[in-house]
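Residue numbers (this note's numbering): 408 to 481.
Backbone N, C-alpha and C define an ideal beta-carbon position, used for all residues, glycine too.
Small disclaimer: the values here were computed from a predicted structure and weren't measured.
A short write-up of the structure that comes next.
Here's what the structure looks like:
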């Protein structure tokens with residue numbers, strides 16, 4: 408879920424709790440040749456799917472990959 412999609416209580420229990428959150432820096436590589444440029448585009452597209460403004464892209468990403476989950480801790 409995006410932060411704007413979560414109710415305040417859920418945000419407090421997850422994202423805002425320093426003991427439960429993980430912050431990761433995401434960088435998009437700068438392309439210097441055709442292969443690097445394609446990888447940078449793919450990375451930017453993935454970041455947009457997962458962290459962009461369109462929740463339907465996140466939902467689609469999850470739906471397409473749910474069959475690969477072996478262990479789920481909800």
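The beta carbon of residue 454 is closer than 8 Å to those of 433, 435 in its chain, skipping five residues each way along the sequence.
In the three-state reduction of the DSSP assignment, residue 438 falls in the coil class. Between residue 457 and residue 475, the C-beta spacing is not below 9 Å. Under the three-state reduction of DSSP output, residue 477 falls in the coil class, being neither helix nor strand.
Here DSSP, grouped into helix, strand and coil, assigns residue 423 to coil.
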